[in-house]
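Residue numbers (our numbering): 335 to 706.
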Amino acid sequence: MKQEIIELIEQALEALVVQGKLAEDIEPRIQIDRTRDKSHGDLASNIALTLARGAGLQPRELAELIRAALPAVDCVQRTEIAGPGFINFFLSDDSNQAVVRRILEQGSRFGHSATGQGRKVQVEFVSANPTGPLHVGHGRGAAVGDSICRLLRASGWDVSSEFYYNDAGQQIDNLALSVQARCRGLGPDAPDWPEDGYRGDYIKDVAEAYLRGDKVDAEDQHVAGRGDAADLEDIRRFAVAYLRREQDLDLRAFGVHFDVYFLESSLYASGEVEAAVGALVENGHTYEQDGALWLRTTDFGDDKDRVMRKSDGGYTYFLPDVAYHLNKWQRGFERVINEQGADHHSTVTRVRAGLQALHKDIPEGWPDYVLH
Numbered sequence: 335m336k337q338e339i340i341e342l343i344e345q346a347l348e349a350l351v352v353q354g355k356l357a358e359d360i361e362p363r364i365q366i367d368r369t370r371d372k373s374h375g376d377l378a379s380n381i382a383l384t385l386a387r388g389a390g391l392q393p394r395e396l397a398e399l400i401r402a403a404l405p406a407v408d409c410v411q412r413t414e415i416a417g418p419g420f421i422n423f424f425l426s427d428d429s430n431q432a433v434v435r436r437i438l439e440q441g442s443r444f445g446h447s448a449t450g451q452g453r454k455v456q457v458e459f460v461s462a463n464p465t466g467p468l469h470v471g472h473g474r475g476a477a478v479g480d481s482i483c484r485l486l487r488a489s490g491w492d493v494s495s496e497f498y499y500n501d502a503g504q505q506i507d508n509l510a511l512s513v514q515a516r517c518r519g520l521g522p523d524a525p526d527w528p529e530d531g532y533r534g535d536y537i538k539d540v541a542e543a544y545l546r547g548d549k550v551d552a553e554d555q556h557v558a559g560r561g562d563a564a565d566l567e568d569i570r571r572f573a574v575a576y577l578r579r580e581q582d583l584d585l586r587a588f589g590v591h592f593d594v595y596f597l598e599s600s601l602y603a604s605g606e607v608e609a610a611v612g613a614l615v616e617n618g619h620t621y622e623q624d625g626a627l628w629l630r631t632t633d634f635g636d637d638k639d640r641v642m643r644k645s646d647g648g649y650t651y652f653l654p655d656v657a658y659h660l661n662k663w664q665r666g667f668e669r670v671i672n673e674q675g676a677d678h679h680s681t682v683t684r685v686r687a688g689l690q691a692l693h694k695d696i697p698e699g700w701p702d703y704v705l706h
């Protein structure tokens with residue numbers, strides 16, 4: 335109804351311009367609000383107050399002119415001028431019944447729109463590291479991200495929800511070493527406990543399941559424990575699958591579904607990380623310093639340049655993130671929304687800068703971020 339009232343006022347203003355009572359260069363900003371007191375009508379507009387000075391009229395005088403020029407429609411029973419020049423609209427019973435009819439006709443589709451026009455959008459959220467259980471912060475991210483997906487679908491977008499697993503790098507090495515230590519009977523307080531090992535009780539649960547030979551199914555991973563505490567690679571695969579399954583079960587219980595589960599390790603297996611490094615070097619945006627490879631992200635608005643490859647040859651988190659987002663772009667997602675915790679705020683600028691340096695067609699400010 336607000337939009338219909340706006341259109342009525344626009345028609346009235348156009349009529350007043352034609353009659354020479356208003357100048358042609360007026361720039362109306364029509365605002366419609368619900369009234370606090372139903373005795374003042376259902377909806378009200380302050381348009382006369384905002385245009386009066388430019389029109390050289392008193393607000394109530396202009397309000398009367400607008401009111402007189404309003405087209406007669408079935409949805410509006412009557413109008414009144416109130417206070418300094420507000421126009422109050424009293425809706426007819428038929429207009430309220432029309433809304434009820436639309437609700438009954440459209441059912442669960444009521445309130446949906448086609449503004450997205452079927453365009454592709456990807457929403458990435460939760461994306462917890464498979465190194466431990468989900469916590470309340472992940473729960474908040476799941477609620478916000480899933481709500482964004484639902485709202486976009488209701489607005490006509492073709493939505494793909496995605497969970498990104500950081501199943502590579504030092505954190506996974508630390509996870510494997512922690513479970514291996516538990517398999518060998520060590521506790522977190524033992525002198526030989528891994529320096530950067532994980533100390534939660536869940537590590538003991540993973541180790542016991544591995545030693546029992548339990549089978550674990552987690553999305554695309556199907557592994558079984560072998561009971562061999564010496565095989566670190568087997569322990570790594572089992573631990574990641576075990577913790578992914580735990581996260582999956584929590585998310586399902588929470589009513590959150592993902593269309594795609596993307597593994598960071600796949601970026602290394604496919605050569606996309608190395609390809610990203612090569613492209614950045616070829617584009618002339620990198621330099622060597624102190625044995626490390628740096629990217630000139632300051633050329634793209636960052637506050638300082640960023641290390642891509644450390645002096646020991648390992649990559650920082652930043653590089654696979656850039657390769658991952660290039661992968662999103664290449665999958666045809668012209669719009670991408672990343673829902674992340676506020677502790678990820680520093681990644682926004684650097685990822686965007688890396689993408690600008692990597693691919694000339696990616697627009698500035700892509701992707702979008704929603705931080706909680």
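Ideal Cβ placement from N, Cα and C applies to all residues, glycine included.
Is residue 363 helix, strand or coil when you go by DSSP? Numbered from 1 along the sequence shown, position 29 holds the residue referred to as residue 363. Residue 363 falls in the coil class under three-state DSSP.
Backbone CA spacing between residue 551 and residue 575 [nearest angstrom]: Here residue 551 corresponds to residue number 217 of the sequence shown, with the count starting at 1. Here residue 575 corresponds to residue number 241 of the sequence shown, with the count starting at 1. Residue 551 and residue 575: Cα-Cα distance of roughly 7 Å.
Beta-carbon contacts of residue 518 that lie in its chain and below 7 Å, excluding the five residues immediately before and after: Residue numbering aside, residue 518 sits at position 184 when the sequence shown is read from its first letter. Excluding positions up to five away in sequence, the list reads 563.
Could you spell out where the alpha helix (DSSP H) holding residue 507 opens and where it closes? If you number the sequence shown from 1, residue 507 lands on position 173. Run containing residue 507: 504–517, per the alpha helix (DSSP H) assignment.
Which one of 460, 467, 356 and 485 has the shortest CA to CA distance from residue 474? On the sequence shown, residue 474 is found 140 positions in, with the first residue counted as 1. Just measuring C-alpha positions, the residue of 460, 467, 356 and 485 sitting nearest residue 474 is 460.
Starting from the C-beta of residue 691, find all residues in its chain whose C-beta is less than 8 Å away, skip the five residues before and the five after it, and write them out in chain order. Numbered from 1 along the sequence shown, position 357 holds the residue referred to as residue 691. For residue 691, where only same-chain residues beyond five positions count, the Cβ hits under 8 Å are 614, 617, 619, 629, 630, 631, 633 and 634.
For residue 677, which residues from the same chain have a beta carbon less than 6 Å from its beta carbon, with the 5 sequence-adjacent residues on both sides left out? Here residue 677 refers to the residue found at position 343 of the sequence shown. For residue 677, there are no CB contacts under 6 Å within the same chain when 5 residues up- and downstream are skipped.
C-alpha gap between residue 709 and residue 525, whole angstroms: Given a span of 335 to 706 for the chain in the structure shown, any question on residue 709 remains unanswerable.
Leaving aside the five residues before and after residue 557 along the sequence, list all residues of the same chain whose C-beta is less than 6 Å from its C-beta, in chain order. By 1-based counting over the sequence shown, the position of residue 557 is 223. Within the same chain, residue 557 has close Cβ partners 550, 571, 572 and 575.
Taking the alpha-carbon of residue 641 as reference, which of 627, 648, 494 and 672 has the nearest alpha-carbon? Against the sequence shown, residue 641 aligns to sequence position 307. Checking every option, the nearest Cα to that of residue 641 belongs to 627.
contact_flag[the region 462–473, the region 421–428] where n(CB pairs < 8 Å) is 3 or more: The region 462–473, when compared against the region 421–428, does not touch it at the 8 Å Cβ threshold.
The alpha helix (DSSP H) spanning residue 468 covers which residue range? Sequence index remark: in the sequence shown, residue 468 carries index 134 (1-based). No alpha helix (DSSP H) holds residue 468; DSSP gives it neither H nor E.
I'd like to check one pair, residue 489 with residue 457: are the Cβ atoms closer than 8 Å? The count along the sequence shown starts at 1 and reaches residue 457 at position 123. The count along the sequence shown starts at 1 and reaches residue 489 at position 155. No, they are not a contact pair.
Which term fits residue 418, buried or exposed, when burial requires 16 or more other beta carbons within 10 angstroms of its beta carbon? For the purposes of this step, residue 418 is taken as residue 84 along the sequence shown, with counting starting at 1. Exposed: under 16 other Cβ atoms inside 10 Å.
According to DSSP, simplified to helix, strand and coil, what is residue 651? On the sequence shown, position 317 is the one that residue 651 refers to. If DSSP states are grouped into helix, strand and coil, residue 651 belongs with coil.
Using three-state DSSP, classify residue 564 as helix, strand or coil. In the sequence shown, the residue the question calls residue 564 occupies position 230. It is coil, neither helix nor strand.
For residue 375, I'd like the list of residues in its chain whose CB is within less than 7 Å of its CB, leaving aside the five on either flank, ordered along the chain. One-based indexing of the sequence shown puts residue 375 at position 41. Within the same chain, residue 375 has close Cβ partners 369, 414, 422, 423 and 424.
Between which two residues does the alpha helix (DSSP H) holding residue 413 run? Here the question's residue 413 lines up with position 79 in the sequence shown. First-last for residue 413: 410–416, but that is the beta strand (DSSP E), not the alpha helix (DSSP H).
Distance cut-off 7 Å: residue 351 Cβ against heavy atoms of the ligand SAH: Among the components modelled here there is no ligand, and therefore nothing to report on the ligand SAH.
Beta carbon of residue 499, beta carbon of residue 578: below 8 Å? As a first step, residue 499 must be located in the sequence shown, where it is residue number 165. As a first step, residue 578 must be located in the sequence shown, where it is residue number 244. In this structure, residue 499 sits near residue 578, with a CB-CB distance shorter than 8 Å.
Flag this pair as yes or no: are the beta carbons of residue 335 and residue 404 separated by less than 8 Å? Within the sequence shown, numbered from 1, the residue matching residue 335 stands at position 1. Within the sequence shown, numbered from 1, the residue matching residue 404 stands at position 70. Taking 8 Å as the Cβ cut-off, residue 335 and residue 404 do not qualify as a contacting pair.
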